Amino acid sequence: MDKLASQLKQEFGTVSGIVGIGGGSAMDLAKAVSLMMTNPGSSADYQGWDLVKLPGVYKVGIPTLSGTGAEVSRTTVLTGPTKKLGMNSDYTPFDQIVLDPELTAGAPVNQRFYTGMDCYIHCIESLTGTYLNEFSKSYGEKALQLCQGSLCEQGRMGRRFR
Numbered sequence: 003m004d005k006l007a008s009q010l011k012q013e014f015g016t017v018s019g020i021v022g023i024g025g026g027s028a029m030d031l032a033k034a035v036s037l038m039m040t041n042p043g044s045s046a047d048y049q050g051w052d053l054v055k056l057p058g059v060y061k062v063g064i065p066t067l068s069g070t071g072a073e074v075s076r077t078t079v080l081t082g083p084t085k086k087l088g089m090n091s092d093y094t095p096f097d098q099i100v101l102d103p104e105l106t107a108g109a110p111v112n113q114r115f116y117t118g119m120d121c122y123i124h125c126i127e128s129l130t131g132t133y134l135n136e137f138s139k140s141y142g143e144k145a146l147q148l149c150q151g152s153l154c155e156q157g158r159m160g161r162r163f164r
């Protein structure tokens, strides 16, 4: 990730924005590269809570899978020199999100199921978290309802996925 940010700086100097297209890993990579375009040092220096000092360059997320939550999270998960950690800051979330259900429809059947389960688990985590507010609660409840309906509809856990 640091190498990619460094290459972009060397080739273009400054960039006006970063676009992340894909699943959770691609989303997290785009968020981290955006932050490292404006913050000095290594991404390992920023793995923790509120260590990022400067906003990144404008970043757009285009998820092609559902469930990871990377498109709305203030965390970008990275594998550091010794362990897996996250960069957590108010500067981490995307500035813009493009949601297109046609992009997720083309995912392999098993991947759709696994990411659907991931979404379900994130709903449970969200609704039982310590920082729950009425706004996030309403979204979490609706998302959970959609997950339960979708997963149960899909063949009592899978018929439509085959």
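Quick note, my numbering runs 2 ahead of the 1-based positions in the sequence shown. The beta carbon of each residue, even a glycine, is placed where N, CA and C say it ideally should be. Just so you know, these numbers come straight off a predicted model, no measurement behind them.
In this structure, DSSP gives Y116 a helical state, which the three-state scheme calls helix. The beta-bridge partner set that DSSP reports for P65 consists of G24. Counted as a single uninterrupted DSSP element, the alpha helix (DSSP H) harbouring K11 occupies residues D4 to F14. The beta carbons of M3 and L80 sit about 6 Å from each other, so the pair counts as a contact at 8 Å. The three-state secondary structure of K55, taken from DSSP, is coil. Collapsing the DSSP output to three states places K86 in a strand.
Going by C-alpha positions, A46 is about 17 Å away from S27. For Y48, the secondary structure class from DSSP, reduced to helix, strand or coil, is helix. Contact annotation, G58 with T40: C-beta distance approximately 5 Å; criterion of less than 8 Å satisfied. In the three-state reduction of the DSSP assignment, Y141 falls in the helix class.
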